[in-house]
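In what follows, a structure is listed as structure tokens, so that the remarks can point back to it.
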Amino acid sequence: VYAKGGKTIVFTQTKRDADEVSLALTNSITSEALHGDISQHQRERTLNGFRQGKFTVLVATDVASRGLDIPNVDLIIHYELPNDPETFVHRSGRTGRAGKLGTAILMYTGSQRRTVRSLERDVGCKFEFVNAPSMEDVLEASAEQAVVTLDRVHPESIAFFTP
1 VYAKGGKTIV
11 FTQTKRDADE
21 VSLALTNSIT
31 SEALHGDISQ
41 HQRERTLNGF
51 RQGKFTVLVA
61 TDVASRGLDI
71 PNVDLIIHYE
81 LPNDPETFVH
91 RSGRTGRAGK
101 LGTAILMYTG
111 SQRRTVRSLE
121 RDVGCKFEFV
131 NAPSMEDVLE
141 ASAEQAVVTL
151 DRVHPESIAF
161 FTP
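Under UniProt numbering, read the sequence shown as residues 1 to 163, first letter to last.
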């Protein structure tokens, strides 16, 4: 909903969570996991695929929060609270680069509200608190994404599916 069809990085705390979130997304979104248990060769293939738009969601541990050149990331999702303010800043810094706007979403539970307020104070920015998207928002975003996906289908292939 918030990425508008652009690239998204979902940050998790553990390698296992990165694998599980990526697997959970496979029914609706093409995604890949990136973490320290993945071979260097596979990490490079995954990053190249993400850069080239072969998939739009990268689910990663903090291995992707620093030192990687990943242009045009529209959305960062902190699936879990980062361990410290510096990690939050580095993760969030993967979007909004080179003068472009980007969005970072921090997911948390009600019991973590104090920690989130403390993080907000520590990083020196005001967070906008929003609820999860409504069903209508999700349906609208899904319809928009379907149109984008259909636009990528080669015209000769479409002929096989039309009367």
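Note that CB positions come from ideal geometry on N, CA and C, so glycine has one too.
| task | Measure how close the beta-carbons of Thr-30 and Thr-56 come, nearest whole angstrom, since I'm counting them as under 8 Å. | result | Translated into the one-based positions of the sequence shown, residue 30 becomes position 30. Translated into the one-based positions of the sequence shown, residue 56 becomes position 56. Right, their Cβ atoms sit about 7 Å apart.
| query | Exposed or buried, Phe-129, counting other C-beta atoms within 10 Å across all chains shown (16 or more means buried)? | reply | The sequence position of residue 129 within the sequence shown is 129, counting from 1. With fewer than 16 other Cβ atoms within 10 Å, it is exposed.
| field | Residue from Thr-46, Leu-81, Arg-121, Pro-133 whose Cα sits closest to the Cα of Thr-109 | value | Translated into positions along the sequence shown, residue 109 becomes position 109. Selected option, being the one with the closest Cα: Leu-81.
| said: Please report the distance separating the alpha-carbon of Ala-141 from that of Thr-8. | reply: As a working note, residue 141 is residue 141 in the sequence shown. As a working note, residue 8 is residue 8 in the sequence shown. If I take the Cα positions, the gap works out to 14 Å.
| said: If we require 3 or more residues per run, which beta strand (DSSP E) segments fall completely within the UniProt domain "Helicase C-terminal" (1 to 140)? | reply: The beta strand (DSSP E) runs lying completely inside the UniProt domain "Helicase C-terminal" (1 to 140) and spanning 3 residues or more are 7 to 11, 31 to 34, 57 to 60, 73 to 78, 103 to 106, given in chain order.
| request: Give me the Cα-Cα distance between Arg-91 and Arg-43, rounded to the nearest whole angstrom. | output: The sequence position of residue 91 within the sequence shown is 91, counting from 1. The sequence position of residue 43 within the sequence shown is 43, counting from 1. Arg-91 and Arg-43: Cα-Cα distance of roughly 18 Å.
| said: Using the three-state DSSP reduction, which class does Val-153 fall into: helix, strand or coil? | reply: Position 153 of the sequence shown, counted from the start, is the residue given in the question as residue 153. Here Val-153 sits in coil by DSSP.
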